[in-house]
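Visitor:
Residue numbers (UniProt numbering): 1 to 149.
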């Protein structure tokens, strides 16, 4: 098969952006990007609220009967919540550039991690009373709510 080319058409060919037409310059975020960002933020908030509701249910169960399995499940739910919260914080900081709010989230996450690890260690070694465990659970929940806000 032979391809014939018209040399005159090829000579008049100009690549995209090289013709005399002005290029479209990108301005601020488009309405699509804004809408997408708002939807992602709303979804992340909803997911964090759902996880917090699960944590509250488990907290009620722990108020009645404290056991290691439920504490481990509590730890897993808190980790999921923190994963969502830090992911959302990263999205916000990426939009706004470097900001002090990202640092606050990381410090809070580290504090929550230490509290829950200490709680499980103390419970497994039978060094704490149930009332102290419940107080620590309330303290952790308060920090999670702070992240949600």
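For every residue, glycine included, the Cβ atom is placed at its ideal position computed from N, Cα and C.
To the nearest angstrom, how far is the alpha carbon of residue 122 from that of residue 58?
Guide: Near 19 Å, if we compare the C-alpha coordinates of residue 58 and residue 122.
Visitor: Have a look at residue 67 and residue 31 and give me their C-alpha separation to the nearest angstrom.
Guide: Roughly 50 Å between the two C-alpha positions.
Visitor: Write down the C-beta distance between residue 52 and residue 144 rounded to the nearest angstrom, noting that I regard them as a contact closer than 8 Å.
Guide: Indeed they touch by this definition, with Cβ atoms about 6 Å apart.
Visitor: Under a three-way DSSP split, which group does residue 55 fall into?
Guide: Correct three-state label for residue 55: helix.
Visitor: Write down the C-beta distance between residue 54 and residue 77 rounded to the nearest angstrom, noting that I regard them as a contact closer than 8 Å.
Guide: Their Cβ separation, rounded to whole angstroms, is 6 Å, which keeps residue 54 and residue 77 in contact under 8 Å.
Visitor: Am I right that residue 47 and residue 84 are in contact with their C-beta atoms under 8 Å? What's the rounded C-beta distance?
Guide: Their Cβ separation, rounded to whole angstroms, is 5 Å, which keeps residue 47 and residue 84 in contact under 8 Å.
Visitor: Alpha carbon to alpha carbon, how far is residue 111 from residue 126?
Guide: So the alpha carbons of these two residues sit roughly 22 Å apart.
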